[in-house]
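Per the numbering used here, the sequence shown runs over residues 95 to 438.
Take a look at the structure set out below.
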Amino acid sequence: DMARARFALGQLDEARESLLELREERPPDAARQVIDEYLQAIEQRQSGTELSAYAELGLGHDSNVANATARESVFVPVLGTSVSLSGSSTQRADAFGALRVGARWDQEIARGWSSSIGADIRARLYRKRVEFDEVDPQLHGTLQYRSGFNTVAVNARHEQMDLDYEQYRKVLSVGVTWIRDVDTSLQLVGFAQHSRVRYTSDANSSSDSNLFLFGVGGVWQPGSRRLTALSGSVYGGRDNDTKARIDGDGALVGLRLGLNHRISADLEGSVVGGAQLTHYDIQNGLFQRKRNDRFAELQGVLRWQFEPLWSLSPQLKLTRNWSNIDINSYQRLEAAVFVRRDFR
């Protein structure tokens with residue numbers, strides 16, 4: 095996992111060292127071929143350019159397609175009565191099919207300097223709740239400089255969310271990341287990001303906001319065989335409304351923890367969890383209180399590399415939001431299996 099992470103970050107010499115150590119352990123032929131392809135890709139990238147792509151197909155089940163409350167009605171203090179919720183505003187489950195495709199172009203510019211640009215499209219199509227069919231095209235780019243044990247990367251990303259085949263939301267993000275290699279097994283990370291979130295319909299435009307995040311973290315791979323990688327980060331920020339959002343501005347803090355373990359040469363598993371607290375600064379006019387949310391998520395993935403360029407990944411993801419305003423509380427369980435084909 096550390097070798098792939100360093101490859102993705104452009105730390106090619108360190109990635110080569112980790113891959114060579116794995117190859118010395120005499121893995122099965124399929125895993126060895128994957129290692130050799132990564133080594134070949136490193137040579138190609140160091141020679142100037144590299145083009146890679148992937149395609150994924152998946153099937154799954156979603157317990158809450160709209161991140162909606164399980165309640166059929168909520169009490170609204172300003173009205174002094176309970177209000178019934180429509181079907182689209184309450185928890186509904188459905189099966190889905192998913193497609194993910196993407197490509198990335200990496201370019202060595204000069205000594206220490208590299209860049210990458212890429213595009214991805216992710217689609218989720220529900221069997222019955224077709225009004226929640228989602229297509230998300232994304233564009234992203236990174237400019238990176240590495241000197242000694244330090245790497246600085248500036249990145250930009252544009253994401254668009256289409257809901258029921260109509261444009262729903264756009265997010266433009268820019269950020270900077272600093273990475274420090276303490277030694278061959280430990281990396282420290284600092285990051286800052288600004289995101290401009292805009293909803294395209296007048297009905298949802300009051301949720302427009304500017305999000306600012308900053309944080310620190312690290313990745314540690316203990317042991318001489320480096321079969322396990324532990325990661326963690328803490329962050330804080332502001333979610334500032336731009337169009338008189340009913341809850342006002344939000345102040346947030348959060349953390350993320352991750353564990354990745356290589357079970358065998360062609361099988362690995364990962365668990366990632368996170369929690370976030372968000373406090374809003376304006377009393378909600380309908381519910382007569384300032385909104386406070388506690389969000390948590392936990393995701394597990396098992397990845398089986400059954401052929402050099404093919405993998406199978408069962409995935410399970412649980413998300414939960416607790417809010418002092420009932421309509422914003424929900425829980426969601428997503429289970430899926432993906433087949434992936436890489437192109438290098």
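We put the CB at the ideal spot given by N, CA and C, even for glycine.
Exercise for review: Note the first and the last residue of the continuous beta strand (DSSP E) segment covering Pro-408.
Suggested key: 404 to 417
**Study point:** When Gln-254, His-252, Tyr-148 are compared against Leu-403, the one with the closest alpha-carbon
**Key:** Tyr-148
Review point. Are Val-433 and Leu-396 closer than 7 Å when you measure CB to CB?
Key: no
Exercise for review: Would you mind giving the Cβ-Cβ distance between Gly-331 and Leu-321, rounded to the nearest angstrom? I have them listed as a contact below 8 Å.
Suggested key: Their Cβ separation, rounded to whole angstroms, is 34 Å, which puts Gly-331 and Leu-321 out of contact at 8 Å.
Exercise for review: Using beta-carbon positions only, say whether Val-291 and Val-270 come within less than 7 Å of one another.
Suggested key: no
Practice item. Give a yes or no on contact between the stretch 160 to 173 and the stretch 207 to 214, applying the rule of three or more CB pairs nearer than 8 Å. Key: no
Review point. Roughly how many angstroms separate the alpha carbons of Ser-358 and Leu-410, rounded to a whole number?
Key: 21 Å
Check your understanding: To which residues does DSSP link Val-347 through a beta bridge?
Key -> Gly-330, Leu-371
Check your understanding: Can you list, in chain order, the stretches of the beta strand (DSSP E) that have 3 or more residues and sit fully within the stretch 218 to 258?
Key -> 228 to 241, 244 to 257
Check your understanding: Helix or strand or just coil, what does DSSP make of Gly-379?
Key -> coil
Check your understanding: Around the Cβ of Thr-143, are there at least 16 other Cβ atoms within 10 angstroms (buried) or fewer (exposed)?
Key -> exposed
Practice item. May I have the straight-line CA-CA distance separating Ala-213 from Gln-232, to the nearest angstrom? Key: 6 Å
Check your understanding: Can you name, in chain order, every residue of its own chain whose Cβ lies under 8 Å from the Cβ of Gly-367, other than the five neighbours on each side?
Key -> Arg-350, Leu-351, Gly-352, Ala-390, Glu-391, Leu-392, Gln-393
**Study point:** Bridge partners - Gln-261, DSSP secondary structure assignment
**Key:** Asp-256
Exercise for review: Could you check the C-alpha separation between Gly-465 and Ile-376 for me, to the nearest Å?
Suggested key: Nothing in the structure corresponds to residue 465, since the chain is present only between 95 and 438.
Review point. Taking the DSSP output, what are the residues bridged to Asn-304?
Key: Arg-290, Asn-334
Exercise for review: Count the other CB atoms, across all protein chains shown, that sit within 10 Å of the CB of Thr-372; report buried if there are 16 or more and exposed otherwise.
Suggested key: buried
Check your understanding: Which of helix, strand or coil does DSSP assign to Asp-420?
Key -> helix
Check your understanding: Can you pull the DSSP bridge partners for Ile-215?
Key -> Val-195, Pro-231
Check your understanding: Can you tell me the Cα-Cα spacing of Ala-323 and Ser-241, whole angstroms?
Key -> 24 Å
Point to revise | For Ser-358, the three-state DSSP class (helix, strand or coil) | key: strand
**Study point:** Cβ-Cβ separation, Gly-152 to Ala-429 (assumed contact under 8 Å), whole Å
**Key:** Contact doesn't hold; Cβ gap of about 10 Å is too wide.
Review point. Taking just the CA atoms, how far does Arg-263 sit from Ser-295?
Key: 8 Å
Exercise for review: Measure the C-alpha to C-alpha separation of Thr-245 and Val-276 and round it to an integer number of angstroms.
Suggested key: 12 Å
Check your understanding: With Ser-327 and Gly-309 assumed to form a contact (beta carbons below 8 Å), what rounded beta-carbon distance in angstroms separates them?
Key -> 5 Å
Check your understanding: If we call anything under 7 Å between Cβ atoms a contact, is Asp-360 one with Val-168?
Key -> no
Check your understanding: Which of helix, strand or coil does DSSP assign to Gly-363?
Key -> strand
Check your understanding: With distances taken between CB atoms, is the gap from Tyr-374 to Gly-348 smaller than 7 Å?
Key -> no
Practice item. Give the DSSP-derived three-state secondary structure of Ser-180 in the structure shown. Key: coil
Exercise for review: Using alpha carbons as the reference points, say which of Ala-297, Ser-289, Gly-311 lies closest to Ser-303.
Suggested key: Ser-289
Practice item. Quick one: give me the first and last residue of the beta strand (DSSP E) that Ala-147 is part of. Key: 143 to 156
**Study point:** Any C-beta of chain C under 7 Å from that of Ala-369
**Key:** Protein chains in the displayed structure number just one, and chain C is not present.
Review point. What separation, rounded to the nearest whole angstrom, lies between the Cα atoms of Phe-306 and Asp-333?
Key: 6 Å
Point to revise | Selection from Val-177, Tyr-293, Ser-279 that minimises the alpha carbon distance to Ser-318 | key: Ser-279
Check your understanding: What's the gap between the Cα of Asn-354 and the Cα of Glu-260?
Key -> 37 Å
Practice item. Can you say whether Phe-190 is buried or exposed, counting buried as having 16 or more other CB atoms within 10 angstroms of its CB? Key: buried
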